[in-house]
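Visitor: My questions will all concern the structure given below.
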Amino acid sequence: MEIGLSIGSNLGDREENLSNARSLISTIKNIFISDFSSIYETEPIDVPEKFQKMPFLNAVIIAQADLPIPLFFREIKHIEKKMGRTDSFERNSPRIIDIDIIFAGEKSYNSPELVIPHPRWHTRRFVVEPLCELRPNLIVSGQKLTVKEILSSLPYNPTVVLFKKIW
């Protein structure tokens, strides 16, 4: 099954954090990273005022997975913790790494901890733009439009700027 992951960081060496996350994801048993987007720098959204000047680096990873979704999710959470992500009591606080599952093939999944497809992926330019680089004609479960069509309908704010093409 093809899985789309959104990764982001706005603490420390952001580019190194993304690279480390990609490497750690590739070590998960029965997971093969087949593609990854360029890195984009993005304005933080929905963050407290004091964190507005801490831009994110974001990218999308496409992986082939032969693993049940709950187990894959646990592996992703383990990677976040291993990299130093802590559970903050302040919503949308800065983070070393954030890894979200955007889609998992044509499957839907709903539990208290995880909803797939990600419920807000299609409203976030910082997810849609890098995903469009890789899968412009993909129609994610629950959507009627392709990723490219969704991207063309999104506003340009908050700003999403190409940071690095090859990493």
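According to this note's numbering, the sequence shown is numbered sequentially starting from 1267. The beta-carbon is built from N, C-alpha and C at its ideal position, and this holds for glycine as well.
(1) Among Phe-1339, Glu-1315 and Phe-1392, which has the Cα closest to the Cα of Asn-1376?
(2) Identify every residue that forms a DSSP beta bridge with Phe-1338.
(3) How big is the Cα-Cα spacing for Lys-1373 and Ile-1269?
(4) Taking all protein chains shown into account, do 16 or more other C-beta atoms lie within 10 angstroms of the C-beta of Ser-1289, making it buried, or fewer, making it exposed?
(5) What are the complete beta strand (DSSP E) segments, minimum 3 residues, inside the region 1304-1388?
(6) Whole angstroms is fine: what's the gap from Ile-1273's alpha carbon to Ser-1418's?
(7) Looking only at its own chain, which residues have a Cβ that is under 6 Å from the Cβ of Thr-1412, when we skip the five neighbours before and after it?
(8) Can you tell me the Cβ-Cβ gap for Leu-1323 and Ile-1305, rounded? I've got them flagged as a contact below 8 Å.
(9) From Thr-1293 to Ile-1367, what distance separates their C-alpha atoms?
(10) For the candidate residues Asp-1301, Ile-1362, Asp-1279 and Lys-1343, whose alpha-carbon lies nearest to that of Leu-1400?
Guide: Per the coordinate set shown:
(1) On the sequence shown, residue 1376 is found 110 positions in, with the first residue counted as 1. Of Phe-1339, Glu-1315 and Phe-1392, the residue nearest in Cα terms is Phe-1339.
(2) As a working note, residue 1338 is residue 72 in the sequence shown. Bridge partners of Phe-1338: none, in fact.
(3) In the sequence shown, residue 1373 corresponds to position 107, counting from 1. In the sequence shown, residue 1269 corresponds to position 3, counting from 1. In a straight line, the C-alpha of Lys-1373 is about 10 Å away from that of Ile-1269.
(4) For the purposes of this step, residue 1289 is taken as the residue at position 23 of the sequence shown. Its Cβ having fewer than 16 others within 10 Å, Ser-1289 is exposed.
(5) Whole beta strand (DSSP E) segments, 3+ residues: 1305-1308, 1322-1331 and 1364-1370.
(6) By one-based count along the sequence shown, residue 1273 stands at place 7. By one-based count along the sequence shown, residue 1418 stands at place 152. Whole-angstrom Cα-Cα distance: 22 Å.
(7) Here residue 1412 is taken as the residue at index 146 of the sequence shown, counted from 1. Excluding sequence neighbours, Thr-1412 sits near Asn-1403 and Ile-1405.
(8) Numbered from 1 along the sequence shown, position 57 holds the residue referred to as residue 1323. Numbered from 1 along the sequence shown, position 39 holds the residue referred to as residue 1305. Leu-1323 to Ile-1305, Cβ: 5 Å. Contact.
(9) For the purposes of this step, residue 1293 is taken as the residue at position 27 of the sequence shown. For the purposes of this step, residue 1367 is taken as the residue at position 101 of the sequence shown. Whole-angstrom Cα-Cα distance: 17 Å.
(10) As a working mapping, residue 1400 is identified with position 134 in the sequence shown. When each option's Cα is compared against that of Leu-1400, the closest is Asp-1301.
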